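Colleague:
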Amino acid sequence: MSETAEISNPQVRSPHNSRVMMARETLPLPPLPLGWDEITKILPHRYPLLLVDKITELEPGHRCVGLKNVSSTEEFFQGHFPGHPVMPGVLILEAMAQVAGVLILVTRNTAGALSYFAKVENARFIQPVRPGDQLVTEATLQILRGAYCKAQVIGRVDGQVVVEADYTFMTTTDSSAQAVVQSAHPGAIQNVAVEKPLALAPPAAPARANGSSSPALNGAAPKPNIHPTAIIDPQAHLAEGVSVGPFCIVEANTSIGEGTSLESHVVVKRGTSIGKNCRIWSHVVLGHEPQDMKFKGEESHLKIGDNNILREMVTIHRATGEGEATILGDNNLLMAYVHIGHNCVIGSNTMISNSTGVSGHVTIEDKCVIGGFVGIHQFVHIG
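Next up, the structure:
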């Protein structure tokens with residue numbers, strides 16, 4: 037979905053679960069049940085890996101029920117197992133995941149978008165699924181925030197639970213196969229123009245010891261270095277020489293400036309912009325929702341300037357208020373476990389020491405030095 041479409045169709049909280057963010061206008065659907073024609077307009081899967089035949093119940097932002105008719109003519113029964121055919125467990129999990137996928141794509145209004153398994157937890161195979169069975173899957177959303185999704189799935193045959201599991205997905209808003217091409221082709225990133233949105237990325241050259249990306253050969257501008265386990269939304273913009281380490285997540289409507297490095301397990305939430313030559317250490321979370329009872333899911337921002345160092349476990353929240361921003365200037369050092377609250381304005385050339393908590397609506401001007409374990413109350417102004 038384009039940036040224009042996202043602005044015209046903003047996200048709201050699901051009335052069923054406050055941890056689920058859904059499009060204000062979900063994907064329009066014909067009357068239930070949905071058959072093959074309707075399902076293939078939602079899911080990117082095709083034969084022989086389309087494993088859902090019908091959607092019988094669908095509540096966007098909440099739950100979905102779909103079924104798979106398990107036929108004796110399925111090819112996998114020829115070898116699994118001769119004389120004792122049972123549906124492979126991995127295909128049962130995939131069939132249930134596709135029902136969850138219908139729910140996610142309808143909820144986000146991103147038909148055809150790609151999703152990737154990140155984790156399967158608490159999977160229990162209680163009874164085998166055999167030829168002639170009808171596998172009925174109920175999927176319920178637990179969390180849907182940006183690219184991150186968790187869903188509970190339960191599979192039943194004749195009303196009896198046969199399989200259950202908890203899924204974690206990383207989702208994109210890309211409705212083409214380009215995301216798959218980029219993740220599968222080792223050299224694909226070299227052909228991507230600077231500032232073009234990226235999906236799951238191919239292996240990158242090692243970063244320098246100081247965290248900056250390696251220079252390009254023959255004097256060419258360095259391309260983004262992205263670890264293959266990082267998740268980059270197609271609507272994120274990465275400039276030249278950006279380095280993204282293992283297990284980082286960069287959501288849609290974000291930008292990262294030239295030469296900035298994300299070490300590992302860094303989360304950059306929607307509405308966040310990061311300037312040039314910043315170094316962001318492990319487990320930093322930037323632009324998450326404010327800890328503010330007034331916040332109602334409105335679009336707001338986090339703006340980070342150039343040459344900042346954010347050490348381990350730093351958290352900076354985006355603002356409360358439509359179009360408002362939390363701001364961090366240039367050349368700042370935030371030591372480990374520092375928290376910057378919503379709507380704060382931090383100047384340039386400041387140093388904030390370990391485990392300091394800065395509440396909302398605080399202003400800290402240039403060249404301030406704040407010691408460790410300090411608590412700063414909301415609406416304070418430090419010159």
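End of the sequence shown = 419 in the numbering used here, gap-free, step of one. Quick reminder that beta carbons are idealized off the backbone N, C-alpha and C, glycines included. Since the structure is predicted, the reported quantities are computational estimates derived from the model, not experimental observations.
Going by C-alpha to C-alpha distance, which of E61, V189, L177 sits closest to L171?
Modeller: The residue given as residue 171 occupies position 135 in the sequence shown. Of E61, V189, L177, the residue nearest in Cα terms is V189.
Colleague: In this structure, does DSSP put D269 in helix, strand or coil?
Modeller: Locating residue 269 in the sequence shown gives position 233, counting from the first residue. Looking at D269 - three-state DSSP - the assignment turns out to be coil, as it is neither helix nor strand.
Colleague: From M25 to V106, what distance separates their C-alpha atoms?
Modeller: Within the shown structure, residues of the chain are numbered from 37 to 419, placing residue 25 beyond reach of any answer.
Colleague: Output the boundary residues of the alpha helix (DSSP H) element that contains Q134.
Modeller: Residue 134 sits at position 98 when you count from the first residue of the sequence shown. Note, Q134: alpha helix (DSSP H), 125-144.
Colleague: Do you know offhand how far M206's Cα is from C185's?
Modeller: One-based indexing of the sequence shown puts residue 206 at position 170. One-based indexing of the sequence shown puts residue 185 at position 149. Looking at the two C-alpha atoms, the distance is approximately 6 angstroms.
Colleague: Within this structure, are the beta carbons of S336 and G357 separated by less than 8 angstroms?
Modeller: Residue mapping note: residue 336 aligns to position 300 of the sequence shown, counting from 1. Residue mapping note: residue 357 aligns to position 321 of the sequence shown, counting from 1. Yes. Within cutoff.
Colleague: Starting from D202, trace the beta strand (DSSP E) in both directions and tell me its first and last residue.
Modeller: Here residue 202 refers to the residue found at position 166 of the sequence shown. Looking at the DSSP string, the run of the beta strand (DSSP E) that includes D202 is 196-207.
Colleague: Between the Cα of S395 and the Cα atoms of N379, E95, K77, which residue gives the shortest distance?
Modeller: Sequence index remark: in the sequence shown, residue 395 carries index 359 (1-based). S395 has its Cα closest to that of N379, out of N379, E95, K77.
Colleague: Output the distance between the C-alpha atoms of R192 and T290, rounded to the nearest integer angstrom.
Modeller: Residue numbering aside, residue 192 sits at position 156 when the sequence shown is read from its first letter. Residue numbering aside, residue 290 sits at position 254 when the sequence shown is read from its first letter. If I take the Cα positions, the gap works out to 41 angstroms.
Colleague: Inspect the beta-carbon positions of S384 and I406 and report whether they are closer than 8 angstroms.
Modeller: Stepping through the sequence shown from its first residue, residue 384 is reached at position 348. Stepping through the sequence shown from its first residue, residue 406 is reached at position 370. It is not a contact, given that the beta carbons lie outside the stated cut-off.
Colleague: Tell me whether W72 is buried or exposed, calling it buried when 16 or more other Cβ atoms sit within 10 Å of its Cβ.
Modeller: Here residue 72 is taken as the residue at index 36 of the sequence shown, counted from 1. Classification of W72: exposed, given that the 10 Å Cβ count is below 16.
Colleague: Would you say the region 75-90 touches the region 140-157, given that touching needs at least three Cβ pairs under 8 angstroms?
Modeller: yes
Colleague: Could you tell me which residues DSSP puts in a beta bridge with R315?
Modeller: As a first step, residue 315 must be located in the sequence shown, where it is residue number 279. BP columns for R315 point to S297, I345.
Colleague: By the three-class DSSP mapping on this structure, what secondary structure does Q327 have?
Modeller: As a first step, residue 327 is located in the sequence shown; it is residue number 291 there, counting from the start. The answer is coil: DSSP assigns Q327 none of H, G, I, E or B.
Colleague: Does the Cβ-Cβ distance between A266 and P282 come in under 8 angstroms?
Modeller: Residue 266 sits at position 230 when you count from the first residue of the sequence shown. Residue 282 sits at position 246 when you count from the first residue of the sequence shown. It is a contact, given that the beta carbons lie within the stated cut-off.
Colleague: Between the C-alpha atoms of P96 and G137, what's the straight-line distance to the nearest angstrom?
Modeller: Position 60 of the sequence shown, counted from the first residue, corresponds to residue 96. Position 101 of the sequence shown, counted from the first residue, corresponds to residue 137. When rounded, the distance between both Cα atoms is 12 angstroms.
Colleague: State the start and end residues of the unbroken beta strand (DSSP E) segment that holds I75.
Modeller: The residue you call residue 75 lines up with position 39 of the sequence shown. First-last for I75: 72-75, but that is the alpha helix (DSSP H), not the beta strand (DSSP E).
Colleague: Need the endpoints of the beta strand (DSSP E) that K155 sits in, please.
Modeller: Here residue 155 refers to the residue found at position 119 when the sequence shown is read from its first residue. Start and end: 151-161.
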